[in-house]
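Using UniProt numbering, the first residue of the sequence shown is number 2, and each one after it goes up by one.
Idealized CB from N, CA, C, for every residue including glycine.
Here the structure is laid out as structure tokens; the discussion comes afterwards.
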Amino acid sequence: SPTIAVLALQGAFIEHEQRLQSLGCTTIELRQAADLARPFDGLVLPGGESTVQAKLLHDLGMFEPLRQRIAEGLPTLGTCAGLILLADHFRTLPVTVRRNAYGRQLGSFHAEGRWEEGAKGTEEAAGATCVADAKDYSSNSATLASEPVPLTFIRAPRIEATGPGVEPLVTLNDAPVAVRHRNQIAAAFHPELDDDNRLYEALLAPLKRAY
Ligand code: GLN
2 SPTIAVLALQ GAFIEHEQRL QSLGCTTIEL RQAADLARPF DGLVLPGGES TVQAKLLHDL
62 GMFEPLRQRI AEGLPTLGTC AGLILLADHF RTLPVTVRRN AYGRQLGSFH AEGRWEEGAK
122 GTEEAAGATC VADAKDYSSN SATLASEPVP LTFIRAPRIE ATGPGVEPLV TLNDAPVAVR
182 HRNQIAAAFH PELDDDNRLY EALLAPLKRA Y
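Quick look at the structure:
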């Protein structure tokens, strides 16, 4: 099964690990530069505080090696602070984000979004699971494609503009709240907190063939 590295310096990384493991993936935690030498096939950048995470990445000598791996095509999922890292710090994702954009009253809230990926993408995503019984999984996933996406926002950034080659994966009131750019998927919300695996499937889809 694929091995997914989860950045574990700060923030909500445990929930991602549990979700990935439930999908049959092996997970490793990235806590120091030496961890980057371990083999892994994909990367998750969790929510938390992007400024703290970026500072730790620099202090620990992990920033440039990780940026390079992402730029070279490592399948990557960034959520919330992870989206900010990709857009503002690594600058590998051509989107403009505004931090804490929903204001004090709407600091944390739940909503339902729309899954935007077309039928072809759905088919691909359906096969993305790491578990052995892909047949069951794909029918489940096909059903899910048209269902609303549960969205939990926690002091979330807003995606204000998207550059070329950025496609919306999930929208809320027609505005993108999750996007894909080449190997990178980024969400303003916290997919690890709701019972919906579609973003994880999208992350794992390119790894399917190798396993
Ligand atoms: N507000 C945080 C930041 O600016 C992100 C919040 C989160 O990841 N839940 O980095």
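Given a threshold of 16 other Cβ atoms within 10 Å of its Cβ, counted over all protein chains shown, does GLY122 qualify as buried or as exposed? Because the pLDDT of GLY122 is 45, which lies under 50, any placement of that residue in the model is unreliable, and the number read from its coordinates should be weighed accordingly. Its Cβ being crowded by 16 or more others within 10 Å, GLY122 is buried.
Beta carbon of TRP116, beta carbon of VAL171: below 8 angstroms? yes
Short check: CB of LEU78 to CB of LEU200, under 8 angstroms? yes
Heavy atom of the ligand GLN within 7 angstroms of GLY164 beta-carbon: no
Going by C-alpha distance, which of ALA6, ARG181, LEU205 and ALA206 is nearest LEU87? ARG181
HIS17 and PRO47: beta carbons closer than 8 angstroms? yes
Any idea what DSSP makes of ARG159, helix, strand or coil? strand
Hey, is THR163's beta-carbon within less than 8 angstroms of any beta-carbon in chain C? Within the model displayed, chain C is absent; a lone protein chain is all it includes.
Do the stretch 66-85 and the stretch 183-200 meet, that is, are 3 or more Cβ pairs less than 8 angstroms apart? yes
In whole angstroms, what is the alpha-carbon distance linking ILE5 and THR163? 27 angstroms
Name the two residues that bound the continuous beta strand (DSSP E) containing GLN185. 185-188
Hey, out of ARG156, VAL53, SER147 and THR52, whose CA is closest to TYR103's CA? ARG156
So, using beta-carbon positions, are ALA34 and MET63 closer together than 8 angstroms? yes
Using 8 angstroms as the threshold, is the C-beta distance between GLN22 and GLY49 below it? no
Consult DSSP for ALA179 and reduce its assignment to one of helix, strand or coil. strand
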